[in-house]
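Protein sequence lines, in the order shown, are assigned to chains A and B.
Okay, so the first sequence: first residue is 0 according to numbering that gives the first Met the number 0, each after it adds one.
Okay, so the second sequence: first residue is 0 according to numbering that gives the first Met the number 0, each after it adds one.
Think of the CB as a built atom: it goes at the ideal place given N, C-alpha and C, for glycine as much as any other residue.
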Amino acid sequence: MLQLERRPEASTTLRWLSPLLALALTVATGFLLFLGMGKDPIQALTFFFITPISDLTGLAELGLKTAPLLLCAAGLTVCFRARIWNIGAEGHFLIGAVAASAVAVSVGEAGGFLVLPAVLLAGIAGGMAWAAIAAFLKTHLNCNEILTTIMLNYIALNLLLYAVHGPLKDPCGFGFPQSVMFADAALLPALINGTRLHIGLAFGLLAAVAVWVLFARSFIGYQLNVVGEDHRAAAFAGFSARRLTWFALLVGGATAGLAGAAEVTGPIGQLVPQVSPGYGYTAIIVVFLGRMHALGIIAASALLALTFIGGEMLQIAMNMPKAVTAMFQGMLLFYLLTCDAFIHYRIRFRRPLPAGLSQPAAPAGQEL
Amino acid sequence: MAVSAQRLKLQGIVKDYPGCRANDGVDLTVGAGEIHALLGENGAGKSTLMKIIYGVVQPDAGRIVWNGHPVTVENPARARQLGIGMVFQHFSLFETLTVAENIALGLPADEVRDRGALEQRIREVSEHYGMALDPRRFVSTLSMGERQRVEIVRCLVQESTLLILDEPTSVLTPQEVATLFKTLRKLARDGCSILFISHKLEEVRSLCDQATVLRQGRVSGHCQPKDLSASDIARLMVGDDTPISTQVSAAQPGDTLLQVQELSWQTDDPFGTSLKNIGFSLRAGEIVGIAGVAGNGQEELLKVLSGEITLKGEAIRFTGEAIDRLPPGARRARGLAVVPEERLGRGAVPVMSLADNALLTAAGQGLVRRGVIRRQRVREFARDVIARFGVRCSGEQSSASSLSGGNLQKYILGREACQSPRLLVASHPTWGVDVGSAVSIHQALVKLRDEGAAILLISEDLDELYQLCHRMGAICNGRLSPLAPASELSINQLGQWMAGNFKAEEFADAAA
Chain A
0 MLQLERRPEA STTLRWLSPL LALALTVATG FLLFLGMGKD PIQALTFFFI TPISDLTGLA
60 ELGLKTAPLL LCAAGLTVCF RARIWNIGAE GHFLIGAVAA SAVAVSVGEA GGFLVLPAVL
120 LAGIAGGMAW AAIAAFLKTH LNCNEILTTI MLNYIALNLL LYAVHGPLKD PCGFGFPQSV
180 MFADAALLPA LINGTRLHIG LAFGLLAAVA VWVLFARSFI GYQLNVVGED HRAAAFAGFS
240 ARRLTWFALL VGGATAGLAG AAEVTGPIGQ LVPQVSPGYG YTAIIVVFLG RMHALGIIAA
300 SALLALTFIG GEMLQIAMNM PKAVTAMFQG MLLFYLLTCD AFIHYRIRFR RPLPAGLSQP
360 AAPAGQEL
Chain B
0 MAVSAQRLKL QGIVKDYPGC RANDGVDLTV GAGEIHALLG ENGAGKSTLM KIIYGVVQPD
60 AGRIVWNGHP VTVENPARAR QLGIGMVFQH FSLFETLTVA ENIALGLPAD EVRDRGALEQ
120 RIREVSEHYG MALDPRRFVS TLSMGERQRV EIVRCLVQES TLLILDEPTS VLTPQEVATL
180 FKTLRKLARD GCSILFISHK LEEVRSLCDQ ATVLRQGRVS GHCQPKDLSA SDIARLMVGD
240 DTPISTQVSA AQPGDTLLQV QELSWQTDDP FGTSLKNIGF SLRAGEIVGI AGVAGNGQEE
300 LLKVLSGEIT LKGEAIRFTG EAIDRLPPGA RRARGLAVVP EERLGRGAVP VMSLADNALL
360 TAAGQGLVRR GVIRRQRVRE FARDVIARFG VRCSGEQSSA SSLSGGNLQK YILGREACQS
420 PRLLVASHPT WGVDVGSAVS IHQALVKLRD EGAAILLISE DLDELYQLCH RMGAICNGRL
480 SPLAPASELS INQLGQWMAG NFKAEEFADA AA
């Protein structure tokens, strides 16, 4: 008889093994899936996982996609540690992109070294403002942040569409819903010359380091942990849940807003409707896969970035649908949550009850 | 009668839980019409054994013999069918249903079709055993003692011949306890066996015919409790090397530290208790006790004092300053420390280490500088608490949840005591704690008092209150009785107060 039994102590080994296990299971399932589709699974997996990162250009593209994921994930880590389930990184990202674009477009061709910081700060402020709505709704009206942030994501998407169809639309753009190309002064410098990789990746790595310092050293990080683990202990200690909610959501908004700003000022160079392929949502998977730890989310961002590039590669090379990316991301999260169950539980094989106890249940007044 | 003389016989019961063996070869025999005590400290395996008898969990080894026949009790329904009834410590009643409806839920469908007959039966049974009950009243309107009667009557209506009672007196006033014992004696005379689980030794001595004592999952002795003294029985419970009581010297009260006047607070929780016009004072160097049956406003009073609930007025004055509006951190900074009743999940974060848990309330002791945690100091503080209060653990990095209740309680009390508070509010500090730890917790409280701190002790344990307190009173339904010197307060008077029988004008004396 198979039984799921609670472990006396949570397994630390499995806490870190679980993401690797989930990855292995995802690859194995992918293998079977490709086989079922009549494709060569080895070739497909190679195209998905290996080919994209086998040269410098590929690695630079990986870094390019890692940057926004890492920035969003760093902010979400702060929220999730405090069990504030902020699903709104996508919305913060989009508003950050719109706000940054608004500044970049209005500055126009004017140069100066202050343009880029102003554009990026606008993105950060935009993300924070969007997060502040959810924070206000949670702390003053007790609205569930999962619902409000998801709904705000859709509003943000429509604001973006309004911007590219209306006020930010390129007047000489033949009616295409996009802004003008930004001036050079509003563009992020490249990190490696000759590639598209820009310093947004450095922002991401800095954000990850900041998250590490926050939780390893600072008292406010400790308070966030306490609120997340045990809100009654936090109330007893006198940590203000309201203040910490504001802090976490604003940090989440700031990093995602910066990611949005870095996307329009980096590889794209203008505001377009498809500015995000779902970075804000994928970052949620990153945080869980990365165990809400700075090093973990760096590795997980790179892996999830690979699913974007690998998916594109399969579209081009093997004529597969775009859904491959979402499928692999979904499988990763699914297997991760499954494997995570074994952090707290283990499987036991149990024999039936010992002989002395195994008499069948007879009605009252039974015989020996 | 030869067969039924032994109603229940357990042989070699073993039950393993991950990480511990809760029952290790337990034998127990209960005769017909016998009141049998099952004694032991928290964690000795009493609850597990009860759950095995009642079919809630299955033993890993051993035999259960019922009226001479080996049986398997697969589930509580089977236990009820056999005639085993159980009254849990935390009642399993629906507050929004009537007494009769609650009882009907436990009966087969064909027995409850005729509601009138059922109500008649409830009336008969309850009156026969001196437990007046109106079957049509809603459970939410009943006192704790009355709710317990519903549970007992439910078992009797099901024609139980073995009644298991888990710590039945912990929710009762002394007067209600006396009534309950009368009922139980009458039940026993009518042939019903009673298994009485308790750690209150005087009660066991006055009520029970036989006792089985458990220690660390094994039977450590059988006795006839009437023939032994309470301290002899305590020895069986805790073993030879643990002190079982503490000597308390007289208090030397100083200036008034805390003055509470006309404190009222309206709860918005339908199951909470509002505080009504509470007034008392507390002086340096004294321990003041507040007795009361659980759920009469103790929790709310603690939160109002700790700052988890803040107020608008000026009802609470601490060293002359009104602190009603201050949050917990500001009150702590003024020297007001609190030990809440829940150790895990309020007093300490279960998954965090003891060192991290020190930061919960002691951050102001130089453990944090400009927002940065000083890890080395945190570790030193935690090690100091562990050493000074004899906390048994594998070090300051052990998680709070890995400690036994008593050891964690020592750590939490130590964490507060090491910050030299001027006022300590402690709620049920020895609830569910082993005797050895309880003694050291009492000693720590008295030591703190002798160093000049004022201590407010909220407890359900009357022995503890009488032993430690200089003055005491009782809380009932959110109202506080007057406080009287413990040496002049009879247990009868205290029981009256616990039941809410005190007049408002008596406050005049209390405030003086």
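Check                                                                                                                        : Outcome
8 angstroms Cβ cutoff met for Leu493(B) and Val287(B)                                                                        : no
Bridge-paired residues (DSSP) for Leu343(B)                                                                                  : Ala347(B)
Stretch pair the segment 378-390 of chain B + the segment 40-57 of chain A: three plus CB contacts closer than 8 angstroms   : no
Buried or exposed (CB count within 10 angstroms, at least 16 for buried), Phe327(A)                                          : buried
Residue environment, Tyr153(A), which counts as buried when at least 16 other CB atoms sit within 10 Å                       : exposed
Buried/exposed call for Trp129(A), threshold 16 Cβ in 10 Å                                                                   : buried
Reduced DSSP category for Lys275(B) - H, G, I as helix; E, B as strand; rest coil                                            : strand
Reference Ser480(B), options Pro58(B), Gly499(B) and Asn41(B), closest by Cα                                                 : Gly499(B)
Proximal chain A residues relative to Leu359(B), where beta-carbon distance stays under 8 angstroms                          : Val225, Ala232, Phe235 and Ala236
Under 8 angstroms from the C-beta of Ser217(A): neighbouring residues of chain B                                             : Gly370, Val371 and Ile372
Segments of 4+ residues assigned as alpha helix (DSSP H) that fall wholly inside the segment 452-511 of chain B              : 461-467, 490-497 and 506-510
Beta-carbon proximity list for Gly144(B), same chain, < 6 angstroms, skipping 5 on both sides                                : Leu171 and Glu175
Whole runs of the alpha helix (DSSP H) within the segment 218-267 of chain B, excluding any shorter than 4 residues          : 229-237
Residue environment, Gln2(A), which counts as buried when at least 16 other CB atoms sit within 10 Å                         : exposed
Asp23(B) - partner residues in DSSP beta bridges                                                                             : Val13(B)
Straight-line Cα distance separating Leu256(B) from Leu422(B)                                                                : 8 angstroms
Rounded Cβ spacing between Val292(B) and Met497(B) (contact assumed at less than 8 angstroms)                                : 6 angstroms
Nearest-angstrom beta carbon gap, Val13(B) and Asn22(B) [assumed within contact, 8 angstroms]                                : 6 angstroms
Entirely enclosed alpha helix (DSSP H) segments - the segment 362-393 of chain B, minimum 4 residues                         : 374-387
Cβ separation of Gly84(B) and Leu162(B), assumed to be a contact under 8 angstroms, to the nearest whole Å                   : 5 angstroms
Inside the segment 193-225 of chain A only - alpha helix (DSSP H) runs reaching at least 4 residues                          : 199-216
Same chain, Cβ closer than 8 angstroms to Leu313(A), neighbours up to 5 away in sequence not counted                         : Ala43, Phe46, Phe47, Met319 and Val323
Contact check, His35(B) vs Thr211(B), beta carbons under 8 angstroms                                                         : yes
Proximal residues to Ser305(B) (C-beta, below 8 angstroms), its chain only, five neighbours per side dropped                 : Pro327, Arg330, Leu335, Val337, Pro339 and Val424
Exposed unless 16 or more other CB atoms sit within 10 angstroms - verdict on Asn74(B)                                       : exposed
Among Val104(A), Gly90(A) and Thr12(A), the one whose alpha carbon lies nearest that of Ala133(A)                            : Gly90(A)
Same chain, Cβ closer than 7 angstroms to Gly62(A), neighbours up to 5 away in sequence not counted                          : Leu196 and Leu200
One or two residues paired with Trp65(B) in a DSSP bridge                                                                    : Leu7(B) and His68(B)
Listed by chain order, chain A residues near Ala362(B) by CB distance under 7 angstroms                                      : Phe218
Proximal residues, the segment 286-317 of chain B versus chain A, C-beta separation under 8 angstroms                        : Ser305, Gly306 and Glu307
For His35(B), three-class secondary structure by DSSP                                                                        : strand
Interface residues of chain A facing Ala347(B) [CB-CB closer than 8 angstroms]                                               : Ala232
Near-chain A residues of the segment 455-488 of chain B (beta-carbon distance less than 7 angstroms), N- to C-terminal order : none
Cβ contact check for the segment 258-267 of chain A and the segment 25-35 of chain A: 3 or more pairs under 8 angstroms      : no
For Cys78(A), the nearest candidate out of Leu248(A), Gly277(A) and Ala301(A) (CA to CA)                                     : Leu248(A)
Buried/exposed call for Trp65(B), threshold 16 Cβ in 10 Å                                                                    : buried
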